[in-house]
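The sequence shown maps to residues 1385 to 1499 in our numbering.
Glycine included, every Cβ here is placed at the ideal spot set by N, Cα and C.
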Amino acid sequence: MRYAAEVIEKLRVINGDKKYILNSAGELPIETSHFNNHLKNYCESCGIDYRSSHKFRFYGVSEAYSQGIEEGKIVSYANHSSVDMTRHYNRSRRLSFFHDEAEAVFGFTHTVKTG
């Protein structure tokens, strides 16, 4: 996590006093599809599996919830227009809900298979 903060700080220095840390030629944030194309190329050149920026948003929001960060702060950090949108990104909540429902309805707990 510390390394990610260092990378973001370096991007802030490079971009100067702009609102966004990843900018297009002007003051607007870089377009998502353009960013993801670059990200995919970087992942391929490094030999790692590609995950879109959207997956990182899901992970970041879910992790923030699991760390107990106040929901209002998560909404702000994610730059969402509503708490409902932020809750949509909270995968840990969805898995927890599904586990509870599966156990209550079917009498078993769903196991999520990994890699």
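Element boundaries [alpha helix (DSSP H), containing residue i]
i	result
E1420	A quick correction: the sequence has Asn, not Glu, at residue 1420. Residues 1416 to 1430.
S1446	1437 to 1450
I1458	1455 to 1462
D1468	1467 to 1472
Nonlocal neighbours in the same chain, by C-beta distance under 7 angstroms from residue i, ignoring five residues either side
i	result
S1437	T1416, F1419, N1420, L1423
6 angstroms CB neighbourhood of residue i in its chain, flanking five on each side removed
i	result
Y1404	P1413
C1427	Y1434
R1471	none
V1459	V1467, T1470
*Could you tell me whether the segment 1444 to 1457 touches the segment 1412 to 1419, using the rule of 3 or more Cβ pairs below 8 angstroms?*
No, the segment 1444 to 1457 does not touch the segment 1412 to 1419.
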